[in-house]
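Chains as they are written, first to last, in the UniProt record's numbering: chain P, 1 to 74; chain C, 1 to 74; chain R, 1 to 74.
Ideal Cβ placement from N, Cα and C applies to all residues, glycine included.
Bear in mind that the values here come from a model prediction, so they are computed numbers and not experimental data.
Structure first, then comments.
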Amino acid sequence: MDILAELNGNIATIGYGLATLGPGIGLGILIGKALEGMARQPEVANTLRTNMFIGVAFVEVLALLGLIAGFLFI
Amino acid sequence: MDILAELNGNIATIGYGLATLGPGIGLGILIGKALEGMARQPEVANTLRTNMFIGVAFVEVLALLGLIAGFLFI
Amino acid sequence: MDILAELNGNIATIGYGLATLGPGIGLGILIGKALEGMARQPEVANTLRTNMFIGVAFVEVLALLGLIAGFLFI
Numbered sequence: 001m002d003i004l005a006e007l008n009g010n011i012a013t014i015g016y017g018l019a020t021l022g023p024g025i026g027l028g029i030l031i032g033k034a035l036e037g038m039a040r041q042p043e044v045a046n047t048l049r050t051n052m053f054i055g056v057a058f059v060e061v062l063a064l065l066g067l068i069a070g071f072l073f074i
Numbered sequence: 001m002d003i004l005a006e007l008n009g010n011i012a013t014i015g016y017g018l019a020t021l022g023p024g025i026g027l028g029i030l031i032g033k034a035l036e037g038m039a040r041q042p043e044v045a046n047t048l049r050t051n052m053f054i055g056v057a058f059v060e061v062l063a064l065l066g067l068i069a070g071f072l073f074i
Numbered sequence: 001m002d003i004l005a006e007l008n009g010n011i012a013t014i015g016y017g018l019a020t021l022g023p024g025i026g027l028g029i030l031i032g033k034a035l036e037g038m039a040r041q042p043e044v045a046n047t048l049r050t051n052m053f054i055g056v057a058f059v060e061v062l063a064l065l066g067l068i069a070g071f072l073f074i
């Protein structure tokens with residue numbers, strides 16, 4: 001019998017793909033709201049940008065941990 | 001018969017990927033609303049940031065437990 | 001016959017990942033609305049925070065039960 005299917009690869013790539021799904025949408029909402037606030041009140045743009053970076057750090061780390069998870073769980 | 005599929009990796013990476021999906025979107029909404037409030041009333045930015053951190057802690061722990069779950073359930 | 005697939009890990013990690021999906025989004029909406037209310041009327045911030053914690057407890061327990069479920073269903 002011949003080969004029916006030849007699938008190669010590591011399942012960790014799917015894991016990372018899933019790990020970017022939520023943070024990707026979340027970062028879009030987060031930074032979008034910051035830009036909306038800057039457009040509404042340009043005089044607080046600096047405060048908004050500072051707090052935006054704090055928030056981005058919390059969300060971005062979730063997606064990057066998805067890449068590290070591939071090394072952790074062998 | 002030859003090898004049908006050569007998939008490697010740990011299913012825990014998919015588990016972590018799924019665990020970031022909800023918190024990733026949730027953190028985006030949460031921090032986005034905080035930034036929206038800061039733009040609307042800059043004088044309560046400190047109160048909003050404090051409460052934002054409390055909320056972030058509750059949501060972030062759900063995603064990080066997804067990484068710990070990979071070590072718990074071997 | 002050769003090795004078909006070399007996948008490791010416990011399916012309970014996927015179960016926990018799915019269990020955080022709803023609560024993660026839900027907590028984001030819940031706390032985000034509380035922050036929105038605090039920005040709108042800063043004088044009721046304490047009342048909002050107290051009620052926010054009551055709501056957070058109800059939603060958070062759903063996600064944490066997802067972790068306990070991995071130990072219950074062996």
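- [ ] Buried or exposed for C:LEU65, please, with buried defined as at least 16 other CB atoms from any protein chain shown within 10 angstroms of its CB.
- [x] buried
Task: Bridge partners - R:ASN8, DSSP secondary structure assignment - done: C:ASN10
Task: Segment limits, alpha helix (DSSP H) that includes R:ILE54 - done: 45-72
Open item on the list: So R:LEU18 and R:MET52 are supposed to be a Cβ contact under 8 Å. How far apart are they, rounded?
Closed with: Going by Cβ atoms, the distance from R:LEU18 to R:MET52 rounds to 25 Å, so no, they are not a contact pair.
Open item on the list: Does chain C have any CB closer than 8 Å to the CB of R:GLY55?
Closed with: no
Task: Residues from the segment 11-24 of chain R in contact with chain C, defined by Cβ distance under 9 Å - done: ILE11, ALA12, THR13, ILE14, GLY15, TYR16, GLY17, LEU18, ALA19, THR20, LEU21, GLY22, PRO23, GLY24
Open item on the list: Can you pull out the residues from the segment 58-73 of chain R whose beta carbon lies closer than 8 Å to at least one beta carbon of chain P?
Closed with: none
Open item on the list: Pairs of beta-carbons, one from the segment 8-18 of chain C and one from the segment 9-23 of chain R, closer than 8 Å: are there three or more?
Closed with: yes
TODO: Name, please, each residue of chain D whose Cβ falls closer than 8 Å to the Cβ of C:ASN8.
DONE: Considering every chain present, this structure includes no chain D. Its protein chains are P, C and R.
TODO: Starting from the C-beta of R:LEU62, find all residues in its chain whose C-beta is less than 8 Å away, skip the five residues before and the five after it, and write them out in chain order.
DONE: ALA19, GLY22, PRO23
- [ ] Report buried or exposed for C:ILE25, applying the criterion of at least 16 other Cβ atoms within 10 angstroms of its Cβ.
- [x] buried
- [ ] To the nearest angstrom, report how far apart residue 75 of chain R and P:ARG40 are at their CA atoms.
- [x] Here chain R comprises residues numbered 1 to 74, so residue 75 of chain R is not present and cannot be evaluated.
Task: Interface residues of chain R facing C:ASN51 [CB-CB closer than 9 Å] - done: ILE31, ALA34, LEU35, MET38, ALA45, LEU48, ARG49, MET52
Task: Beta-carbon proximity of C:LEU67 to P:ALA45, cut-off 8 Å - done: no
TODO: Give a yes or no on whether the C-beta atoms belonging to C:MET38 and P:LEU48 are separated by under 8 Å.
DONE: yes
Open item on the list: Which same chain residues end up closer than 6 Å to C:GLU60 when comparing Cβ atoms and leaving out the 5 residues on each side of it in sequence?
Closed with: none
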